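Residue numbering for the sequence shown follows our numbering, starting at 1171 and increasing by one per position. Heads up: the structure comes next, in structure tokens.
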Amino acid sequence: MSTQQLFNNYIIPSVGRMPLSFVEGKGSWLTEESGRKYLDMYPGWGVNIVGHCHPEVVNAIQKQAAKLLHAPNNYLLPLQGQLAEKIIERSFPGKVFFSNSGAEANEGALKIARKWGKDKGKWKFITMLDSFHGRTLGALSATGQENYRKDFEPLIPGFSYVPFGDISAIKELLDDETCAIMIEPIQGEGGVNVAPGNYFQELREICDEKNCLLIFDEVQTGVARTGEWFGYQLYNVQPDIMTLAKALGGGVPIGAIVAAENVADVLQPGSHASTYGGNPLVCAAGLAVISVIDEENGLEKARQVGKSLKLKAEQLKQKFNVIRDVRGAGAMLGIELDVPGKSVVGNCLADNVLINCTHERVIRFLTSAFISENEIETAFNSLQNALSKI
């Protein structure tokens, strides 16, 4: 039975899937069952910041798998403590809770904010239109896109949505019952949207003034994606809570909540837990990812990749009127079209180049920080050919 038949017969069709069956990956390349190779410009949907199967990450996983795969979280797990230390050293003073995914990390962040605000009469959240925070019910309630929410309503009460980048809209909604504002430093699924000017500085000031928490969802922007360790560092604004996932595990499932010292101890024994969160295997992978970024100058490489992506995208914009805007940071780029991008994705696929279209009209790259200039050139040649066919 073919892989396609297995999926048709046994997999719930909740995800739209391309008819490709990948069996091997290396760097920025994936190999299909047929042996055909594809240049992957959004490896692992933003997971593989160090590329597919980086040798150091693979080696760490293999070594740990031979020693200890899993142990319960009611014991002290050395690698979990070590990974938490590495994260705090690169972010802000606080503590870490580990989960299995970005959605779980966001669920935990919402719980922390609700528990922090309980005795203060604070329980409401303000999040952004076009945001995406995950598909569990709490994270979905925070997501500011109706198309994701509508089939699962009624959702959790207490969430309001405002336009991304609009401070006045936040001021109008924020009241004494607001416990937190939740936001992505750069919106990913919403179209790689970048906030204007001093928006985040003003947001921090408002939260301080009104005594509510600022939560940064860094599931997509965290761990070198933007050319900084974390996206908030682009704006020199520290959140009270930050969530991580995707790139942190290098390909294995991990999520994390980073909570500042003034809120970290809100969760006491029994108030929150995760069976698999921060187990030895995923923490070994996370430590290896951080090591690779440190040892191989990953932050600077992500910045250089960002410059190259933007330059080539701007050059295409001069050639094609169909391109409305180019935006992003580091190894995260959005190219907004004035027509749907589905055919562009299909034409690049025919050239063995994998690109992503989000929000219907935004071509999105979430490349490895270690992608080569030649590989970027190959991808943009394909993109140029695809745009010429519109």
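Think of the CB as a built atom: it goes at the ideal place given N, C-alpha and C, for glycine as much as any other residue. Keep in mind it's a predicted model, so treat the numbers as computed, not measured.
Taking C-beta atoms as the reference points, F1490 and L1414 fail to come closer than 7 Å. Linking I1337 to V1407 through their CA atoms gives a straight-line distance of about 15 Å.
Residues F1268, G1448, C1453 of the same chain have their beta carbon placed closer than 7 Å to that of Q1250, with the five preceding and five following residues left out of the count. For F1177 and D1289, the gap between their C-alpha atoms comes out near 49 Å.
Pairing E1547 with G1419, the inter-Cα distance amounts to about 28 Å.
Put simply, the region 1355 to 1362 touches the region 1495 to 1503. At least three CB pairs are less than 8 Å apart. Note that the region 1387 to 1407 touches the region 1471 to 1491; at least 3 beta-carbon pairs, one per stretch, sit closer than 8 Å. Cβ contact annotation for V1433 (same chain, cutoff 7 Å, sequence separation greater than five): I1282, W1286, L1383, D1410, I1411, in chain order. The Cβ atoms of A1279 and I1427 lie closer than 7 Å to each other. Considering only V1515, F1295, S1552, H1303, the residue with the shortest C-alpha distance to T1391 is H1303. Looking at the DSSP output, R1497 shares a beta bridge with G1504. Contact between the region 1220 to 1229 and the region 1185 to 1205 is present: three or more C-beta pairs spanning the two stretches fall below 8 Å.
Contact annotation, L1310 with L1325: C-beta distance approximately 6 Å; criterion of less than 8 Å satisfied.
The residue from I1181, R1531, L1524, N1551 with its alpha-carbon nearest to that of V1362 is R1531. Shown here, Y1208 sits in a strand according to DSSP, grouped into three states.
Taken through DSSP and simplified to helix, strand or coil, I1533 comes out as strand.
According to DSSP, residue pairing for G1272 in a beta bridge does not occur. The three-state secondary structure of V1227, taken from DSSP, is helix.
Taken atom to atom, the span from the alpha-carbon of L1209 to that of N1551 is near 12 Å.
As for any alpha helix (DSSP H) of minimum length 4 sitting wholly inside the region 1324 to 1384, the runs are 1337 to 1343, 1369 to 1380, ordered along the chain. Taking every protein chain shown into account, the CB of R1187 has fewer than 16 other CB atoms within 10 angstroms, so this residue is exposed. Remark: C-beta atoms of H1529 and G1360 approach each other more closely than 7 Å.
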